[in-house]
Amino acid sequence: NRTDTKYVLSTATLWEALQGLRGAYRMLEVDGVRQHHYRTVYFDTADFALYQRHHAGAADRYKVRARLYQDSGLAFLEVKHKTNKRRTIKERLRTDKLQSNLTLATVPFLQRHYPGESAALLPVLVNFFTRITLVGIDRPERTTLDFDLGFSWGDRYVTLPGLAIAELKQEGYALRSRFSQQMHALGVRPASFSKYCLGASLLYPWLKQNNFKRTHLLVQKIMRGTNHDNAN
Numbered sequence: 038n039r040t041d042t043k044y045v046l047s048t049a050t051l052w053e054a055l056q057g058l059r060g061a062y063r064m065l066e067v068d069g070v071r072q073h074h075y076r077t078v079y080f081d082t083a084d085f086a087l088y089q090r091h092h093a094g095a096a097d098r099y100k101v102r103a104r105l106y107q108d109s110g111l112a113f114l115e116v117k118h119k120t121n122k123r124r125t126i127k128e129r130l131r132t133d134k135l136q137s138n139l140t141l142a143t144v145p146f147l148q149r150h151y152p153g154e155s156a157a158l159l160p161v162l163v164n165f166f167t168r169i170t171l172v173g174i175d176r177p178e179r180t181t182l183d184f185d186l187g188f189s190w191g192d193r194y195v196t197l198p199g200l201a202i203a204e205l206k207q208e209g210y211a212l213r214s215r216f217s218q219q220m221h222a223l224g225v226r227p228a229s230f231s232k233y234c235l236g237a238s239l240l241y242p243w244l245k246q247n248n249f250k251r252t253h254l255l256v257q258k259i260m261r262g263t264n265h266d267n268a269n
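Residue numbering for the sequence shown follows our numbering, beginning at 38 and increasing consecutively.
See the structure below:
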């Protein structure tokens, strides 16, 4: 169980932030590699029930996804549960490859961790990004820094150059986090953000998305290279 705090910012602001975080974090390195590449397939129902629940502001919600860690070849099926207490619970099942479709072998796992009807879940989009992970030296926290984001499905393809998503992951919520302090100093405030919901709204523009308007405006602002302050 953990508490996640997200920040949406430009990659230029992110690199600026990293300069002020030296000594407080180390970069996670695997086989000498610090930048890791991810590919994720998200699943939803035909009427996008999981997306709609998030859009409606439901405090208790789920995401179902298959993820490939491209550098290592490791793949997992994951169920991510955001509870009404703002806790994030993630369960995952190791798979032999990226699951572009759910199989009978995954049913028992989904029945244990996903309250909906697993047979109704369909692949609806692919998300890809590059990630750097910061590990706290003196505090038990991690921060993931995602950039080079893109989404695709069928012949639809969207990329978001210059956009970065930072996610501070900690047990409980601590204002003493050096990363959160650095974000505040740079005028970047916590934001509600979902890669899945952003990607779905871009690839399926007919989906209801008025409640995501603030996020969309922030993303557009960053993509235009304007002021990164999202406090207003």
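Cβ atoms here follow ideal geometry from the backbone N, Cα and C, with glycine treated the same way.
Cβ-Cβ separation, residue j to residue i (assumed contact under 8 Å), whole Å
| i | j | result |
| --- | --- | --- |
| residue 146 | residue 135 | With a Cβ gap of about 16 Å, residue 146 and residue 135 do not count as contacting. |
| residue 122 | residue 98 | Wrong, their Cβ atoms sit about 13 Å apart, outside the cutoff. |
| residue 158 | residue 80 | 4 Å |
| residue 124 | residue 40 | 7 Å |
| residue 46 | residue 203 | 7 Å |
Simplified DSSP assignment, three categories, for residue i
| i | result |
| --- | --- |
| residue 173 | strand |
| residue 127 | strand |
| residue 228 | coil |
| residue 261 | coil |
| residue 245 | coil |
| residue 145 | helix |
| residue 187 | strand |
| residue 134 | coil |
| residue 250 | helix |
| residue 233 | helix |
| residue 162 | strand |
| residue 255 | helix |
| residue 41 | strand |
| residue 139 | coil |
| residue 267 | Below a pLDDT of 50, predicted positions are generally treated as unreliable, and residue 267, at 46, falls in that range; the measurement from the model is reported next regardless. Three-state result, residue 267: coil. |
| residue 151 | coil |
Given residue i as reference, the closest of the options once Cα atoms are compared
| i | options | result |
| --- | --- | --- |
| residue 63 | 149, 170 and 90 | 170 |
| residue 237 | 214, 124 and 164 | 164 |
| residue 114 | 102, 124 and 107 | 102 |
| residue 240 | 190, 206 and 223 | 190 |
| residue 185 | 177, 176, 179 and 195 | 195 |
| residue 87 | 152, 178, 222 and 219 | 152 |
| residue 261 | 235, 206, 199 and 223 | 199 |
| residue 140 | 181, 244 and 156 | 156 |
| residue 76 | 108, 65, 82 and 51 | 108 |
| residue 217 | 253, 232, 178 and 255 | 178 |
| residue 72 | 181, 54 and 142 | 181 |
| residue 270 | 242, 55 and 61 | Since the first and last residues shown for the chain are 38 and 269, residue 270 lies out of range. |
| residue 248 | 259, 258, 55 and 234 | 234 |
| residue 65 | 168, 257 and 192 | 168 |
| residue 58 | 91, 46, 47 and 215 | 215 |
| residue 162 | 50, 45, 250 and 78 | 78 |
| residue 137 | 160, 116 and 143 | 160 |
| residue 243 | 89, 52 and 44 | 89 |
Bounding residues of the beta strand (DSSP E) (the contiguous stretch that carries residue i)
| i | result |
| --- | --- |
| residue 198 | 193-207 |
| residue 115 | 111-119 |
N- and C-terminal bounds of the alpha helix (DSSP H) containing residue i
| i | result |
| --- | --- |
| residue 215 | 215-222 |
Return the chain-ordered ranges of every beta strand (DSSP E) run that is complete within the region 47-98 and spans a minimum of 3 residues.
62-64 and 73-81
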